[in-house]
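Peer 1: Residue numbers (my numbering): 31 to 372.
Backbone N, C-alpha and C fix where the C-beta goes; we use that ideal spot for every residue, glycine too.
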C-alpha cells in the first residue's frame, strides 16, 4: 500500500478533498468565466449596440467552454503540458454529454489517470493523449447523460418551486447561494452545473450581490476604498478568515440577502437568461450578475432598471450597513473584526 501511495505522490496525484472539491471546482468556474461568461458579455454588447464583431466573439467564446473548463481544472491539479492539451478534447466531449458537472467529474478522472501514465513509456507522446482522450470520451458517453439529467432535474425543481413560491424560495435561494459565494467554493460553478436561471437565478444574484456589496460597505471603516473595490467587484471570500474568527460578522449581509431575494422574485421579478446560468452565482464580481439580469429577454423597462439598482447595490449596501451598526452597538462586531490585509 505504501508503495502505491509513494507512486501516486511521485505522479502528483494527491487524493486531496481540498484539491478536488475546492481548488478544482473554483478553477472550473474560472474556465467558465473565461469562455461562456465573457461570451455572454460580448453577446449582450452585440445585442444592445448592433456591432456584429462582438456577436462573433460571443459565438467563439461559448464554443470552447468545455475545453476552457477542462484546462482550468487540469492546471489546478498540476497537469503537465501533454496531459493539459489532451484535456481540451475531454472537456469538449464531456460538456456535450454531461454539462459543467460532467466536465468536472470526467476531467478529474481523466486528468489523474493521464498523470499516472504520463512519461512512463518511451512513446509518451502517443500513449498519454490516447489514454486520456479514450478514458474521457468513454466516461462522457457512459455517465455524462446521467449527470446532465440529474443536475437538470435539480435545477428544474428549484426553478419550478421558485415560480410557485417566489417569497419563501426567494429567501432560501438568495441566502443559500449568497453563503456559497462567500465560502471557499464556487457558487458560479454550482449555478452553472444545475442550470440555475429564471426567477431562481434572480434570487441567487440578489444573494450574491448582498454578500459582496454588504461586506464591502460594512467594512469600509476598516478597509477604505481598496476594500470596497476588492470585495464589491472582486469577492466577499476575502472575509472568510475573519468569519472564522467571528462568525457574527456574517449576519448583516446574510440578513440583507434574505430581504433582497424575495424583493427580486416577488416585486421586480428579476431573472437570469437560460443561456447564462453561471451569472446567477457571480454577484457583482466584474458586474457579471447585473449584466446577467440585463441580458434577459424581458429586461428593459425603467422599472427593471430601478429593480436592478435596488436589489444589486442600494438595498445590500443600506441594509448591511444598518445591521452592522446594530451589531457593533451590541458588541457582536468589534473594531477591526472586518479588517483585511490588502
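Could you check what DSSP says for residue 302 in three-state terms: helix, strand or coil?
Peer 2: Here residue 302 refers to the residue found at position 272 when the chain shown is read from its first residue. In the structure shown, residue 302 sits in a strand (DSSP, three-state: E or B).
Peer 1: Is residue 248 near residue 283, with beta carbons less than 9 Å apart?
Peer 2: Along the chain shown, one-based indexing puts residue 248 at 218. Along the chain shown, one-based indexing puts residue 283 at 253. Yes. Within cutoff.
Peer 1: Over what stretch of residues does the alpha helix (DSSP H) that includes residue 162 continue unbroken?
Peer 2: Walking along the chain shown from the start, residue 162 turns up at place 132. Unbroken alpha helix (DSSP H) run through residue 162: 154 to 194.
Peer 1: Determine, for residue 118, whether the minimum Cβ-Cβ distance to residues of chain D falls below 9 Å.
Peer 2: In the structure shown, chain D does not exist; there is a single protein chain.
Peer 1: Could you tell me whether the Cβ atoms of residue 114 and residue 123 are closer together than 9 Å?
Peer 2: Locating residue 114 in the chain shown gives position 84, counting from the first residue. Locating residue 123 in the chain shown gives position 93, counting from the first residue. Cβ atoms of residue 114 and residue 123: not closer than 9 Å.
Peer 1: With a threshold of 16 other CB atoms inside 10 Å of the CB of residue 150, please say whether the residue is buried or exposed.
Peer 2: Within the chain shown, the letter at position 120 stands for residue 150. Exposed is the call here.
Peer 1: Which whole runs of the alpha helix (DSSP H) in the segment 221 to 284 are 4 residues long or more, in chain order?
Peer 2: With a minimum length of 4 residues, the continuous alpha helix (DSSP H) runs that stay inside the segment 221 to 284 are 228 to 248, 250 to 259 and 270 to 275.
Peer 1: Going by beta carbon distance, what residues of the same chain come within less than 7 Å of residue 185, once the five residues before and after it are set aside?
Peer 2: Walking along the chain shown from the start, residue 185 turns up at place 155. Excluding sequence neighbours, residue 185 sits near 224, 225 and 226.
Peer 1: Under three-state DSSP, which class holds residue 340?
Peer 2: Counting from one through the chain shown, the residue named residue 340 turns up at place 310. It is helical.
Peer 1: Counting beta carbon pairs with one atom in the segment 339 to 346 and one in the segment 289 to 305, are three or more of them shorter than 8 Å?
Peer 2: The answer is yes - the segment 339 to 346 touches the segment 289 to 305, with three or more Cβ pairs under 8 Å.
Peer 1: Which of the three DSSP states, helix, strand or coil, is assigned to residue 140?
Peer 2: In the chain shown, the residue the question calls residue 140 occupies position 110. Of the three classes helix, strand and coil, the one that applies to residue 140 here is helix, per DSSP.
Peer 1: Is the distance from the Cβ of residue 140 to the Cβ of residue 166 below 9 Å?
Peer 2: Taking the first residue of the chain shown as position 1, residue 140 is located at position 110. Taking the first residue of the chain shown as position 1, residue 166 is located at position 136. In contact: residue 140 and residue 166 (Cβ atoms closer than 9 Å).
Peer 1: Between residue 68 and the rest of its own chain, which residues show a CB-CB distance below 7 Å, the 5 nearest in sequence each way excluded?
Peer 2: What you label residue 68 is simply residue 38 of the chain shown in a count that begins at 1. 91.
Peer 1: Three-state secondary structure (DSSP) at residue 214?
Peer 2: Residue numbering aside, residue 214 sits at position 184 when the chain shown is read from its first letter. Coil at residue 214, not helix or strand.
Peer 1: Tell me whether the segment 156 to 166 and the segment 176 to 183 touch, counting them as touching only if at least three CB pairs, one residue from each stretch, are closer than 8 Å.
Peer 2: At 8 Å Cβ cutoff, the stretches do not touch.
Peer 1: Is it true that the CB of residue 286 sits closer than 9 Å to the CB of residue 240?
Peer 2: Looking up residue 240 in the chain shown gives position 210. Looking up residue 286 in the chain shown gives position 256. Going by C-beta atoms, residue 240 is nearer than 9 Å to residue 286.
Peer 1: Can you give, in chain order, each stretch of the alpha helix (DSSP H) that sits fully within the segment 34 to 101 and has at least 4 residues?
Peer 2: Counting whole runs of 4 or more residues, the segment 34 to 101 contains the alpha helix (DSSP H) stretches 54 to 62, 68 to 79 and 82 to 93.
Peer 1: On a Cα-Cα basis, can you pick out the residue from 183, 117, 298 and 36 that is closest to residue 335?
Peer 2: Mapped onto the chain shown, residue 335 falls at position 305. Of the listed residues, the one whose Cα sits closest to residue 335 is 298.
Peer 1: What is the residue span of the alpha helix (DSSP H) that residue 350 lies within?
Peer 2: Here residue 350 is taken as the residue at index 320 of the chain shown, counted from 1. That run of the alpha helix (DSSP H) goes 345 to 360.
Peer 1: Can you check whether the CB of residue 53 is closer than 9 Å to the CB of residue 138?
Peer 2: By 1-based counting over the chain shown, the position of residue 138 is 108. By 1-based counting over the chain shown, the position of residue 53 is 23. Not in contact: residue 138 and residue 53 (Cβ atoms no closer than 9 Å).
Peer 1: Three-state secondary structure (DSSP) at residue 312?
Peer 2: Walking along the chain shown from the start, residue 312 turns up at place 282. Here residue 312 sits in coil by DSSP.
Peer 1: For residue 95, collect the residues of the same chain with a Cβ closer than 7 Å to its Cβ; drop the 5 residues on either side in sequence, then sort them by chain order.
Peer 2: The sequence position of residue 95 within the chain shown is 65, counting from 1. Hits under 7 Å: 62, 65, 66 and 125.
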